[in-house]
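Protein chains in written order, with this note's numbering: chain Y, 3 to 497; chain A, 3 to 497.
All residues carry an ideal CB built from backbone N, CA and C; glycine is no exception.
This one's a predicted model, so the numbers in the text were calculated from it and none came from an experiment.
Remarks on the structure that follows.
2 protein chains.
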Amino acid sequence: MNTTPHIPHLHAIVLAGGSGTRFWPLSRELAPKQFVSIFGGVSLITRAVMRVSTMVDDSGIHVLTNERLLDELRNHLKSQAEIKGLAVDYLAEPTPRNTAAAIALAAAYLVRIDPDAIMVVLPSDHLLEDGERWERTMRVAAGLAAEGRLVTLGLTPSYPETGYGYIRMGSPIPGHAEENVLGHEVVEFVEKPDKETAEAFLDTGEYLWNSGMLVARADAVLRELTLAGEKAATEASSGSAKIAQTAGVVAASAPSTWTTDEARALFASLPSVPFDKAALEVSGRVAVVPADLTWSDVGSLLALESVADSDERGNTLSGNVVDVDSHDSIVYSADRLVATLGLKDMIVVDTADATLVASKDRAQDVRLIVDALRVMGAREVVESRSSLRPWGSWTMLVKGDSFQVKTIDVLPGHRLSLQSHGHRSEHWIVVEGTALVTIDDATLTLSTGESGYIPLGSVHRLENAGAVPLRIVEVAVGDYLGEDDIVRYEDDWSR
Amino acid sequence: MNTTPHIPHLHAIVLAGGSGTRFWPLSRELAPKQFVSIFGGVSLITRAVMRVSTMVDDSGIHVLTNERLLDELRNHLKSQAEIKGLAVDYLAEPTPRNTAAAIALAAAYLVRIDPDAIMVVLPSDHLLEDGERWERTMRVAAGLAAEGRLVTLGLTPSYPETGYGYIRMGSPIPGHAEENVLGHEVVEFVEKPDKETAEAFLDTGEYLWNSGMLVARADAVLRELTLAGEKAATEASSGSAKIAQTAGVVAASAPSTWTTDEARALFASLPSVPFDKAALEVSGRVAVVPADLTWSDVGSLLALESVADSDERGNTLSGNVVDVDSHDSIVYSADRLVATLGLKDMIVVDTADATLVASKDRAQDVRLIVDALRVMGAREVVESRSSLRPWGSWTMLVKGDSFQVKTIDVLPGHRLSLQSHGHRSEHWIVVEGTALVTIDDATLTLSTGESGYIPLGSVHRLENAGAVPLRIVEVAVGDYLGEDDIVRYEDDWSR
Numbered sequence: 003m004n005t006t007p008h009i010p011h012l013h014a015i016v017l018a019g020g021s022g023t024r025f026w027p028l029s030r031e032l033a034p035k036q037f038v039s040i041f042g043g044v045s046l047i048t049r050a051v052m053r054v055s056t057m058v059d060d061s062g063i064h065v066l067t068n069e070r071l072l073d074e075l076r077n078h079l080k081s082q083a084e085i086k087g088l089a090v091d092y093l094a095e096p097t098p099r100n101t102a103a104a105i106a107l108a109a110a111y112l113v114r115i116d117p118d119a120i121m122v123v124l125p126s127d128h129l130l131e132d133g134e135r136w137e138r139t140m141r142v143a144a145g146l147a148a149e150g151r152l153v154t155l156g157l158t159p160s161y162p163e164t165g166y167g168y169i170r171m172g173s174p175i176p177g178h179a180e181e182n183v184l185g186h187e188v189v190e191f192v193e194k195p196d197k198e199t200a201e202a203f204l205d206t207g208e209y210l211w212n213s214g215m216l217v218a219r220a221d222a223v224l225r226e227l228t229l230a231g232e233k234a235a236t237e238a239s240s241g242s243a244k245i246a247q248t249a250g251v252v253a254a255s256a257p258s259t260w261t262t263d264e265a266r267a268l269f270a271s272l273p274s275v276p277f278d279k280a281a282l283e284v285s286g287r288v289a290v291v292p293a294d295l296t297w298s299d300v301g302s303l304l305a306l307e308s309v310a311d312s313d314e315r316g317n318t319l320s321g322n323v324v325d326v327d328s329h330d331s332i333v334y335s336a337d338r339l340v341a342t343l344g345l346k347d348m349i350v351v352d353t354a355d356a357t358l359v360a361s362k363d364r365a366q367d368v369r370l371i372v373d374a375l376r377v378m379g380a381r382e383v384v385e386s387r388s389s390l391r392p393w394g395s396w397t398m399l400v401k402g403d404s405f406q407v408k409t410i411d412v413l414p415g416h417r418l419s420l421q422s423h424g425h426r427s428e429h430w431i432v433v434e435g436t437a438l439v440t441i442d443d444a445t446l447t448l449s450t451g452e453s454g455y456i457p458l459g460s461v462h463r464l465e466n467a468g469a470v471p472l473r474i475v476e477v478a479v480g481d482y483l484g485e486d487d488i489v490r491y492e493d494d495w496s497r
Numbered sequence: 003m004n005t006t007p008h009i010p011h012l013h014a015i016v017l018a019g020g021s022g023t024r025f026w027p028l029s030r031e032l033a034p035k036q037f038v039s040i041f042g043g044v045s046l047i048t049r050a051v052m053r054v055s056t057m058v059d060d061s062g063i064h065v066l067t068n069e070r071l072l073d074e075l076r077n078h079l080k081s082q083a084e085i086k087g088l089a090v091d092y093l094a095e096p097t098p099r100n101t102a103a104a105i106a107l108a109a110a111y112l113v114r115i116d117p118d119a120i121m122v123v124l125p126s127d128h129l130l131e132d133g134e135r136w137e138r139t140m141r142v143a144a145g146l147a148a149e150g151r152l153v154t155l156g157l158t159p160s161y162p163e164t165g166y167g168y169i170r171m172g173s174p175i176p177g178h179a180e181e182n183v184l185g186h187e188v189v190e191f192v193e194k195p196d197k198e199t200a201e202a203f204l205d206t207g208e209y210l211w212n213s214g215m216l217v218a219r220a221d222a223v224l225r226e227l228t229l230a231g232e233k234a235a236t237e238a239s240s241g242s243a244k245i246a247q248t249a250g251v252v253a254a255s256a257p258s259t260w261t262t263d264e265a266r267a268l269f270a271s272l273p274s275v276p277f278d279k280a281a282l283e284v285s286g287r288v289a290v291v292p293a294d295l296t297w298s299d300v301g302s303l304l305a306l307e308s309v310a311d312s313d314e315r316g317n318t319l320s321g322n323v324v325d326v327d328s329h330d331s332i333v334y335s336a337d338r339l340v341a342t343l344g345l346k347d348m349i350v351v352d353t354a355d356a357t358l359v360a361s362k363d364r365a366q367d368v369r370l371i372v373d374a375l376r377v378m379g380a381r382e383v384v385e386s387r388s389s390l391r392p393w394g395s396w397t398m399l400v401k402g403d404s405f406q407v408k409t410i411d412v413l414p415g416h417r418l419s420l421q422s423h424g425h426r427s428e429h430w431i432v433v434e435g436t437a438l439v440t441i442d443d444a445t446l447t448l449s450t451g452e453s454g455y456i457p458l459g460s461v462h463r464l465e466n467a468g469a470v471p472l473r474i475v476e477v478a479v480g481d482y483l484g485e486d487d488i489v490r491y492e493d494d495w496s497r
């Protein structure tokens with residue numbers, strides 16, 4: 003047994019996109035379900051980063067997201083104590099173009115920084131067991147990948163799910179077994195089967211759930227895409243060569259220049275196809291490693307059943323919840339008091355600014371609510387009452403026509419941008435910690451209980467120069483209170 | 003037809019008690035359902051006061067409540083623009099002892115201030131039509147009452163309700179008819195019947211719902227109670243004479259002295275029985291006036307169905323609500339966003355600090371939730387996030403361990419008490435209007451956008467000397483933030 007889990011040239015590509023629809027109101031457009039810290043208190047994306055951190059080099063963790071989410075994702079991961087100090091590299095697709103283009107982009111980028119890179123592509127919207135069994139699986143997969151194969155991880159199915167894709171295993175591949183983990187040839191990939199077919203799959207013992215996890219040499223990813231495109235065996239694979247080539251062109255610049263108009267136009271011109279269809283189903287160089295890992299698709303709010311133990315009537319109650327006589331229901335409260343009476347097969351999810359009540363059998367249709375809210379232009383679909391920032395976070399307490407009140411938390415050693423507002427004055431009251439405040443030419447230190455006044459138009463900055471968290475209450479008064487009334491003169495985050 | 007509705011010697015006794023259980027979370031212990039301003043925007047108690055205000059003398063409106071609710075009730079009615087300027091007299095029972103003792107107390111009090119007083123006892127937890135038809139009914143009832151009868155108002159039943167008491171009418175009483183309204187003898191009072199009996203009642207056309215409304219001379223109330231006690235025909239009536247006598251003794255002092263220990267002990271010693279059982283069912287001097295008035299028992303949250311029109315799927319949606327595919331459900335949001343998906347026969351009520359989700363067929367059991375919350379000592383059962391005060395109101399925005407943020411609204415021309423705190427300093431930021439602020443020996447005027455600092459221990463006062471409303475944001479910082487950390491030096495309300 004290998005006791006050093008570190009695998010040479012291994013790079014993790016953690017996928018973190020998502021639209022925040024199926025998990026609303028816990029997820030929002032700017033905080034998709036990967037950000038939600040309800041499963042064991044740690045967000046799914048943080049768990050994914052932790053899961054690979056022991057296996058890769060210091061500069062081997064890359065998170066792939068889209069441009070809209072980049073700032074939010076960075077702020078989120080920065081706020082996670084569990085991965086403090088870990089170097090995380092960020093890649094942002096210029097436009098969402100499905101997984102073939104995304105994986106190709108990541109591969110092209112990795113080839114440039116490490117020609118022998120082996121990439122493990124890891125979706126972050128699942129719960130997945132980590133630990134020794136997971137690492138053993140990864141080592142076997144990496145060994146196969148080093149030989150040039152595109153290696154998928156297949157999960158032992160526990161029931162005939164019709165919503166997943168399946169992989170049929172072929173004969174074992176010698177040379178990389180570790181204990182009972184060994185790679186297999188792939189006979190076929192099967193899209194979501196019907197119930198009967200799924201049941202038959204389980205009976206054979208030859209089918210695995212397609213986990214969406216891929217382990218492969220970065221250059222092999224690009225090569226197999228190119229070959230698949232040349233074969234053009236299916237409609238989906240006919241553009242694969244273009245995907246490989248264009249991703250290479252886009253990634254040939256440093257990531258910071260990916261957002262040039264040219265790169266954006268190039269990338270946007272790519273076909274939007276899944277990597278499975280663009281490469282895996284066409285390639286002759288695939289393998290599957292069956293993994294008997296505990297895994298949970300956090301596919302809908304029904305996943306909240308795993309957050310707490312159920313009571314004797316089959317309810318999962320979590321947070322400040324009082325129930326009388328309900329059955330088989332999920333009630334989750336983030337903060338406020340929720341009382342339930344005589345429910346049956348219901349889901350109640352309560353957050354600071356929005357509540358969802360749904361019949362359990364409609365859990366997959368929460369997106370219909372999100373669609374309706376989008377049509378209305380409801381703020382609650384985009385973000386919650388709180389917003390993470392690179393320097394900390396803020397929470398809106400009340401927003402009136404001519405005033406608003408926020409709490410603002412600044413991390414030790416951080417500061418906001420040097421800024422001014424054209425339409426509001428602000429009062430800052432320090433309620434925890436000590437603030438260093440700049441107002442035009444003056445600098446003052448405010449201790450807990452003290453306050454400062456920021457006149458309209460003055461150039462000001464808030465800083466936590468101390469070693470403990472700083473929290474202030476900000477009362478803004480003015481005729482226009484939009485977040486866009488800000489002029490930034492200096493910013494530690496180049497915003 | 004009498005065109006001046008004013009009725010000589012008429013005094014309204016508006017009953018306003020209630021425990022806030024069946025209408026939670028819209029009602030609370032300190033804000034029972036009479037206070038809830040959801041039906042047409044005006045609270046039930048305000049409607050009751052408005053309904054009698056045109057018929058009684060300037061000093062003829064008396065609201066009877068209990069000591070715990072007295073301040074809240076006064077603050078509530080003071081905040082109601084619809085009855086601004088109306089003189090309202092307050093009576094508070096020393097202890098809740100059911101309606102026989104309460105009505106006797108009110109009667110004894112009225113006899114003292116107006117020996118010819120006719121009292122109309124009006125519960126305030128219903129919706130009731132007012133207008134000309136209501137006034138005509140009152141005139142006929144008052145005419146019968148002037149002759150010494152205890153006159154009940156009976157409502158024409160519209161369906162065989164099993165939760166109400168019924169009154170069987172006897173022959174008409176000549177001499178007081180007005181248009182089609184005339185009084186009848188009473189054959190019997192019947193407690194909540196079963197379904198079959200109720201259906202039979204409706205078929206006869208002789209039975210009316212017992213509205214709980216009573217019109218009688220105050221001295222007749224005390225006399226009939228005394229006679230009932232002497233007859234002692236039932237267990238309930240055996241203590242009636244004592245009720246009449248003790249109420250007379252308690253009421254012999256001014257209301258302000260009712261809370262002496264002696265009065266309290268006397269009143270507490272009275273049997274707790276309803277007036278119907280203590281007097282009406284035993285007395286030979288009763289009458290009933292059938293009233294074909296639109297009336298609604300606001301008996302449970304199901305009454306919210308009358309707040310808005312129902313949609314094509316039978317839902318009543320009110321407030322910031324988004325629904326997809328629900329049926330026959332009530333969704334009421336006071337403020338926050340509530341989304342519902344695929345509900346059937348459900349009630350959802352959302353307020354700033356608590357949400358209730360209940361099966362419609364359990365509407366009568368909301369008290370079970372309230373009981374559970376009481377056992378937990380939950381603040382949400384006692385009061386909401388906002389609190390009315392004689393000078394205005396406040397709303398808690400956030401309460402941390404060492405700081406809290408409130409908005410405080412002060413009515414024009416009003417001021418808070420001159421006070422100090424031993425454990426907190428306060429920052430006041432004016433966000434609407436102009437504040438006159440006293441801090442120890444200094445007085446300053448703060449305009450919108452300006453702020454003042456109240457150091458720990460300083461003697462201070464907030465006043466709205468202007469003609470428009472004043473709103474401030476108060477940020478308090480300290481090691482103890484309880485409402486009881488207050489020393490009052492001067493108070494316009496003798497608190």
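Cβ neighbours of residue i in the same chain (closer than 7 angstroms, five flanking residues each side left out)
i, result
"S449 of chain Y", "V432 and T436"
"M3 of chain A", "Low per-residue confidence applies at M3 of chain A: pLDDT is 41, beneath 50, and the placement is therefore not dependable, though the value from the model is reported in the following sentence. Contacts found: none."
"A253 of chain A", "L107, A110, Y111 and R114"
Cα-Cα separation between residue i and residue j, rounded to whole angstroms
i, j, result
"S312 of chain A", "D352 of chain A", "18 angstroms"
"L124 of chain Y", "A18 of chain Y", "9 angstroms"
"P98 of chain Y", "P276 of chain Y", "12 angstroms"
"L1 of chain A", "M171 of chain A", "Summary: the structure shown does not reach residue 1 of chain A, with chain A confined to residues 3 through 497, and so no result is reported for it."
"N68 of chain Y", "V217 of chain Y", "22 angstroms"
"T206 of chain Y", "P162 of chain Y", "12 angstroms"
"G177 of chain A", "E465 of chain A", "58 angstroms"
"A179 of chain A", "A222 of chain A", "22 angstroms"
"V350 of chain Y", "I371 of chain Y", "14 angstroms"
Residue j beta carbon less than 7 angstroms from that of residue i
i, j, result
"V284 of chain Y", "S239 of chain Y", "yes"
"H425 of chain Y", "D481 of chain Y", "yes"
"E428 of chain A", "A478 of chain A", "yes"
"A365 of chain Y", "S419 of chain Y", "no"
"I169 of chain A", "G156 of chain A", "yes"
"E74 of chain Y", "L130 of chain Y", "no"
"H416 of chain A", "T440 of chain A", "no"
Beta-carbon separation (whole angstroms), residue i vs residue j, contact threshold 8 angstroms
i, j, result
"I47 of chain Y", "S126 of chain Y", "4 angstroms"
"S328 of chain Y", "T342 of chain Y", "5 angstroms"
"V383 of chain A", "R30 of chain A", "7 angstroms"
Contact set for residue i: own chain, Cβ-Cβ below 8 angstroms, skip 5 residues either direction
i, result
"T164 of chain Y", "K194, P195, D196, K197 and A200"
"G459 of chain Y", "S422, H423 and G424"
"L88 of chain Y", "V51, S55 and I63"
Closer than 7 angstroms to chain D by CB, residue i
i, result
"S453 of chain Y", "No chain D appears in the structure shown, which is made up of the protein chains Y and A."
Beta-carbon proximity list for residue i, same chain, < 6 angstroms, skipping 5 on both sides
i, result
"P174 of chain Y", "L184 and H186"
"S331 of chain Y", "N317, L345 and M348"
Taking a Cβ distance cut-off of 8 angstroms, strictly less, list which residues of the stretch 402 to 428 of chain A are near chain Y, in chain order. G402, S404, F405, V407, T409 and S427
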